[in-house]
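What follows is a set of notes on a single structure, which appears directly below.
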Amino acid sequence: MKTAVVILNWNTEGFLREFLPGLLRSVERVEGAEVIVADNASTDGSLKVMKEEFQGVRTIALEKNFGFTGGYNKAFEQIEADLFVLINSDIEVTEGWLEPLVKWMEEHPECGACAPKLHSWQEKDKFEYAGAAGGYIDMFGYPFCRGRVMKRLETDHGQYDSPADVFWATGACLMVRSSIYRELGGLDDRFFAHMEEIDLCWRMQLAGYKVTVVPESMVYHVGGGTLPATSPFKLYLNFRNNRMMLENNLAKTFALSYKKDGLSDEAAAAKGCRKARRRIFTRKCLDALSAMVYLLTFKTECFKSVWNAHRDASGMVRRPSVNETADYLKTGKGSVQGIYSKWIVLSSMLKGERIFESIKEKDFYNI
């Protein structure tokens, strides 16, 4: 299968120098695979580095910074391949990381996307925050991972070494079928960055495809290469995009569940849309509490980020109507798994370091 491994770069010339040579060596051994660097109008020396030090690597220079979502969408418009790999510039690959992913996609046509295990570059034996060993969301839309709950990171001692279907896989290193990527319209441009891969994976499941972590493949992630964890803008994007993600997908997910319980398409759609509105309202209340905590602890920039996120999201959401949801149900597609039936924030506070062992298969909805 022809595979395009695409770095979307923005002002990370240091990471290109450090990690691109190893990536190129790893891909040389895979038939039909090519590394491409798409540059999101960097203002540092990234393009100069590509021209002078990596002359043989195809480079796509975008005319402005389209963000993670728009940048990849624009780049993939110019690339023909069976498989796309989204990979961050701050990823250090291991030997043989790509082959298991390609093989999995060749052997599992029902899989729309797959990903390796993600380890921390700083602490090599620990999972990394951005994706660990595959992700879930809880009942209110809070994402977490096998190996990462809230800010707790688990040491990898082989506990997730079997392939597993998950709710989402990290966009830091994600393989997708190009045909499905295009069928679904790619990443949602409105997101700009953050949570866009969770939204894409959710839409893949609703369209009838699986998302899988293939642990035979493993990479290391530095993290925070573009936006540091403490950035108010990153906080803004996370809160805003989470709201849009729920609006995109929650009604269809609930409606799919009601249809499988025996309701007609129209009745399931109406009931699913009502439940989605209630659940999103609850999440907005929880976010308002988070904003108040920021305000009371004198983190005024963080308070503003949450407030502005919901203000802006209200003008950007595309909530599916009851008729649109019913039309979706008529397609007969969709099977969603990996939604935790509890509130992961509370579970984490109550369980502490025991949170990982406390999460059981029976605690998830499989629709």
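The opening residue of the sequence shown carries number 19 in the numbering used here; numbering runs sequentially from there. Cβ atoms here follow ideal geometry from the backbone N, Cα and C, with glycine treated the same way. Because the structure is a prediction, the values reported are computed rather than measured.
Residue i, buried or exposed, once every other Cβ within 10 Å from all chains shown has been counted against 16
{"i": "cysteine 191", "result": "buried"}
{"i": "aspartate 156", "result": "buried"}
{"i": "phenylalanine 368", "result": "Reading off the sequence shown, one finds leucine at residue 368, where the question assumed phenylalanine. So leucine 368 counts as exposed."}
{"i": "alanine 148", "result": "buried"}
{"i": "asparagine 341", "result": "exposed"}
{"i": "serine 138", "result": "buried"}
{"i": "threonine 188", "result": "buried"}
{"i": "glutamine 96", "result": "exposed"}
{"i": "threonine 248", "result": "exposed"}
{"i": "proline 338", "result": "buried"}
{"i": "phenylalanine 316", "result": "exposed"}
{"i": "aspartate 143", "result": "exposed"}
{"i": "tyrosine 358", "result": "buried"}
{"i": "arginine 372", "result": "exposed"}
{"i": "methionine 334", "result": "exposed"}
{"i": "leucine 101", "result": "buried"}
{"i": "tyrosine 383", "result": "exposed"}
Alpha-carbon spacing of residue i relative to residue j, whole angstroms
{"i": "aspartate 206", "j": "cysteine 291", "result": "21 Å"}
{"i": "phenylalanine 374", "j": "glutamate 172", "result": "8 Å"}
{"i": "lysine 277", "j": "isoleucine 385", "result": "10 Å"}
{"i": "methionine 310", "j": "threonine 318", "result": "10 Å"}
{"i": "glycine 356", "j": "phenylalanine 86", "result": "25 Å"}
{"i": "aspartate 127", "j": "alanine 182", "result": "One point to set straight first is that residue 127 is proline, not aspartate, in the sequence displayed. If I take the Cα positions, the gap works out to 15 Å."}
{"i": "lysine 228", "j": "histidine 212", "result": "21 Å"}
{"i": "valine 45", "j": "leucine 253", "result": "35 Å"}
{"i": "alanine 294", "j": "leucine 268", "result": "6 Å"}
{"i": "aspartate 279", "j": "lysine 289", "result": "12 Å"}
{"i": "isoleucine 198", "j": "glutamate 215", "result": "14 Å"}
{"i": "methionine 222", "j": "phenylalanine 251", "result": "28 Å"}
{"i": "glutamate 434", "j": "glycine 203", "result": "Shown here, the chain extends from 19 to 385; a query on residue 434 therefore has no answer."}
{"i": "glutamate 284", "j": "phenylalanine 299", "result": "23 Å"}
{"i": "tyrosine 312", "j": "arginine 261", "result": "19 Å"}
{"i": "lysine 270", "j": "leucine 264", "result": "10 Å"}
{"i": "arginine 200", "j": "tyrosine 90", "result": "12 Å"}
{"i": "glycine 165", "j": "phenylalanine 145", "result": "6 Å"}
{"i": "asparagine 27", "j": "leucine 314", "result": "38 Å"}
{"i": "cysteine 320", "j": "leucine 364", "result": "21 Å"}
{"i": "arginine 64", "j": "glycine 370", "result": "Note on residue identity: the sequence assigns serine, not arginine, to residue 64. Cα to Cα, serine 64 sits roughly 42 Å from glycine 370."}
{"i": "leucine 38", "j": "asparagine 256", "result": "28 Å"}
{"i": "alanine 133", "j": "serine 332", "result": "32 Å"}
{"i": "lysine 82", "j": "glutamate 71", "result": "23 Å"}
{"i": "arginine 336", "j": "glutamine 73", "result": "43 Å"}
{"i": "lysine 266", "j": "glutamate 36", "result": "Here residue 266 turns out to be asparagine, not lysine, going by the sequence shown. Going by the C-alpha atoms only, they are around 38 Å apart."}
{"i": "glutamate 124", "j": "glycine 88", "result": "28 Å"}
{"i": "arginine 296", "j": "valine 231", "result": "32 Å"}
{"i": "leucine 224", "j": "serine 282", "result": "18 Å"}
{"i": "serine 180", "j": "glutamate 31", "result": "35 Å"}
Expected contact under 8 Å - CB spacing of residue i and residue j to nearest Å
{"i": "valine 184", "j": "leucine 274", "result": "Contact doesn't hold; Cβ gap of about 18 Å is too wide."}
{"i": "threonine 61", "j": "asparagine 106", "result": "In fact, because the Cβ distance is near 19 Å, the residues do not count as touching under 8 Å."}
{"i": "asparagine 58", "j": "phenylalanine 84", "result": "6 Å"}
{"i": "leucine 80", "j": "serine 235", "result": "Actually they do not touch by this definition, with Cβ atoms about 28 Å apart."}
{"i": "arginine 301", "j": "glycine 153", "result": "Contact flag wrong, Cβ pair sits at about 17 Å."}
{"i": "alanine 93", "j": "valine 194", "result": "Rounded, the Cβ-Cβ distance is 13 Å, inconsistent with contact."}
{"i": "glutamate 110", "j": "glycine 40", "result": "6 Å"}
{"i": "aspartate 108", "j": "glycine 241", "result": "7 Å"}
Close-in-space but distant-in-sequence residues of the same chain around residue i (CB under 7 Å, 5 per side omitted)
{"i": "alanine 99", "result": "Lys20, Thr21, Ala22, Ser196"}
{"i": "alanine 287", "result": "Ala273, Val340, Thr343, Ala344, Leu347"}
{"i": "cysteine 219", "result": "Ala131, Phe185, Trp186, Ala187, Val229"}
{"i": "alanine 51", "result": "Thr21, Val23, Val45, Leu116"}
{"i": "aspartate 381", "result": "Tyr358, Ser359, Lys360"}
Cβ-based neighbour list, residue i, same chain, cut-off 6 Å, excluding 5 preceding and 5 following
{"i": "asparagine 259", "result": "Phe209, His212, Met213"}
{"i": "methionine 168", "result": "Ser366"}
{"i": "leucine 42", "result": "Val53"}
{"i": "lysine 135", "result": "Ala151, Pro233, Met236"}
{"i": "valine 103", "result": "Val23, Met193"}
{"i": "isoleucine 362", "result": "Asp156, Tyr160, Phe162"}
Close-in-space but distant-in-sequence residues of the same chain around residue i (CB under 8 Å, 5 per side omitted)
{"i": "methionine 68", "result": "Leu34, Val55, Asp57, Val75, Thr77"}
{"i": "valine 48", "result": "Thr21, Leu116, Glu117, Val120"}
Residue-chain proximity (residue i, chain C), Cβ-Cβ < 8 Å
{"i": "phenylalanine 251", "result": "Of the protein chains in this structure there is only one, and it is not chain C."}
*Just checking, does the stretch 339–354 make contact with the stretch 169–181 on the three C-beta pairs under 8 Å criterion?*
no
*Counting Cβ pairs, one atom from each stretch, are 3 or more of them under 8 Å apart for the stretch 316–332 and the stretch 299–308?*
yes
_For the pair the stretch 115–124 and the stretch 207–225, tell me if three or more CB-CB distances fall below 8 Å._
no
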